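Visitor: My questions all concern the structure below.
In structure tokens, the structure reads:
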């Protein structure tokens, strides 16, 4: 898997873990972040390469800072 | 300033602060991250909305995890 794809799937795992911790469904996160539910699903599957603005919307929807959201990122060293 | 623009300029400040801390010039960061120097300048000025893959390249170029890089982010609660 190329480095870029790997980063996207790692980020997707972080969003899924953080969302699970908050108890939100993908639908609820989509509503809170103003992003389409299917896009959230694509991000969690590592199929999307979101921009900074979208990443900030997801973090806001989770009620996390960006640093907190990325700390759910297993592969690059972080929180379980 | 709209929320998206604000996030980009906040991220730009974080990259500049992190780069200053590592003592790298924009040129050196551009070389290490495989990104064009003028693009790095645009990111630091908050004029760019980089994708996750580009953000990861910048973090790698700085030798930081994403969580560490975003912790240089003043506005959203962080490290000085």
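Protein chains in written order, with the UniProt record's numbering: chain A, 1 to 80; chain B, 1 to 80.
Each residue gets a CB set at the ideal place from its N, CA and C atoms; glycine is no exception.
Please read these numbers as outputs of a predicted model, since none were measured by experiment.
Quick check on residue 3/A: buried or exposed, where buried means 16 or more other Cβ atoms within 10 Å of its Cβ?
Guide: Exposed.
Visitor: Which of the three DSSP states is assigned to residue 25/B in this structure?
Guide: Coil at residue 25/B, not helix or strand.
Visitor: Grab me the residues of residue 73/A's own chain with a C-beta within less than 8 Å of its C-beta, minus the 5 sequence neighbours each way, in chain order.
Guide: The answer, listed in chain order, is 10, 11, 13, 14.
Visitor: Could you have a look at residue 65/A and say whether DSSP puts it in helix, strand or coil?
Guide: Here residue 65/A sits in coil by DSSP.
Visitor: At the 8 Å Cβ level, is residue 73/B part of the contact set with chain A, yes or no?
Guide: Closer than 8 Å to some Cβ of chain A, the Cβ of residue 73/B qualifies, so yes.
Visitor: With 8 Å set as the bound, which would you pick, yes or no: does the beta-carbon of residue 58/B sit closer than that to a beta-carbon of chain A?
Guide: Answer no: the Cβ-Cβ gap between residue 58/B and chain A never drops below 8 Å.
Visitor: Which term fits residue 25/A, buried or exposed, when burial requires 16 or more other beta carbons within 10 angstroms of its beta carbon?
Guide: Label assigned to residue 25/A: exposed.
Visitor: Taking the DSSP output, what are the residues bridged to residue 51/B?
Guide: According to DSSP, residue 51/B bridges with 51/A.
Visitor: If the criterion is Cβ atoms closer than 8 Å, does the pair residue 39/A and residue 48/A meet it?
Guide: Taking 8 Å as the Cβ cut-off, residue 39/A and residue 48/A qualify as a contacting pair.
Visitor: Shorter than 8 Å from the beta carbon of residue 35/B to some beta carbon of chain A?
Guide: Not one chain A Cβ lies under 8 Å of residue 35/B.
Visitor: Is there a Cβ of chain A sitting closer than 8 Å to that of residue 22/B, yes or no?
Guide: No, residue 22/B does not count as interfacial toward chain A.
Visitor: Do you know whose CA, among 43/B, 53/B, 36/B, 23/B, lies nearest residue 62/B's CA?
Guide: Looking at the Cα atoms, 23/B is the closest of the given residues.
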